[in-house]
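In this note's numbering, the protein residues as written are 259 to 481.
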C-alpha cells in the first residue's frame, strides 16, 4: 500500500504554484517484469515519484523546483515541444520523454535512458503500441551509448545483455534479440536465473511474441 499526501510545489521555471501528491512510502509486491519494471504498487506510484510536470510551462523533471537556466534552450527545442504537443502519447510518457531530454543535456545518460523506458511503460499501459516501440528504441539507443562509454547500468554485463534482449523483443527487433540471446546461452557459466530468462526469451523470440512477461513466467517455463 502507498501512503500519499498533497504538497505545494513552485515551478523553478515559471514560478507557478500548484499541489501535487507526495508519497511517504510505497511498496512492490511480486516479481518484476523481464525489462525490470517493478510490480505494483510501485510500478504505478513511480509515475508520480519520478517526474512532475508544470501545467503552465511544461517543465518536466523529478524535482521541478530545481531549474537550470540551460534547460530553457532544451524546452524551446523542436524535439521537446514535439513531445509536449504529441497527440497520441500518454501524458506521463510525454513527461518522461521531456525529462529524458533534460537529463541528456546534463550528460546524465543512464538516468535519461531509464526515463525513456519509463515512457515506454506508460505507453504499454495505454496500449499505444507504435509509441511504446518508439520510446523503447530511444531507450535502447541511450543504454547502448552508456554501455559504449563505460557508464554502468547493471553490475554484470550479462545482466545488461539479457535486459537488452527484452527491449529488442518488445520492439519487434527479433533478429538482434535472437543474436544476443544465443550469445548469452553460449556462455560457459551462467547464473540459474539468467539461464532461465535467456531460455524463455529464446522461446518467445522464436514465436515472435512481443508481450510483457515477468521473471516468474521465465522460471515456470523452465521448470
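Cβ coordinates follow ideal geometry from the N, Cα and C atoms, glycine included. As the structure is a prediction and not an experimental result, all values here were calculated from the model.
Problem - residue 429 versus residue 435: straight-line alpha-carbon distance, rounded - result: Each residue's Cα considered, the two are about 10 Å apart.
Problem - Span of the alpha helix (DSSP H) around residue 322 - result: Careful: residue 322 lies outside any alpha helix (DSSP H) and carries neither H nor E.
Handout entry: Other residues of its chain near residue 275: CB distance less than 8 Å, five sequence neighbours each side excluded
Key = Excluding sequence neighbours, residue 275 sits near 266, 267, 268 and 269.
Exercise for the section: Keeping to the same chain, check which residues put their C-beta closer than 8 Å to that of residue 407; ignore five residues upstream and five downstream. Expected result: Excluding positions up to five away in sequence, the list reads 367.
Exercise for the section: Assign residue 479 to one of three DSSP states: helix, strand, or coil. Expected result: If DSSP states are grouped into helix, strand and coil, residue 479 belongs with the helices.
Exercise for the section: Out of 343, 397, 462 and 477, point me to the one whose CA is closest to residue 369's CA. Expected result: Selected option, being the one with the closest Cα: 397.
Practice task
Taking 8 Å as the cut-off, decide whether the C-beta atoms of residue 454 and residue 480 are in contact.
Solution key: When the beta-carbon positions are compared, residue 454 and residue 480 come within less than 8 Å of each other.
Practice task
State the beta-bridge partners of residue 414 as determined by DSSP.
Solution key: DSSP lists no partner for residue 414.
Exercise for the section: Whole angstroms is fine: what's the gap from residue 331's alpha carbon to residue 450's? Expected result: Approximately 48 Å, taken between the alpha carbons.
Practice task
Find the nearest neighbour of residue 473 within the set 271, 293, 273 and 277, judged by alpha-carbon distance.
Solution key: With distances taken between Cα atoms, residue 473 lies closest to 293.
Exercise for the section: Return the CA-CA distance between residue 446 and residue 460, expressed in angstroms with no decimal places. Expected result: If I take the Cα positions, the gap works out to 17 Å.
Practice task
Please say whether residue 380 and residue 354 have beta carbons closer to each other than 8 Å?
Solution key: Contact flag set, yes.
Practice task
Compare the Cα-Cα distances from residue 341 to each of 399, 468, 393 and 288 and report the closest residue.
Solution key: In terms of CA proximity to residue 341, 393 leads the group 399, 468, 393 and 288.
Problem - Limits of the alpha helix (DSSP H) - the one that residue 317 falls within - result: Run containing residue 317: none; DSSP gives neither H nor E here.
Handout entry: Selected residue, minimal CA-CA separation from residue 327, among 298, 418, 302 and 363
Key = When only C-alpha atoms are compared, the closest one is 363.
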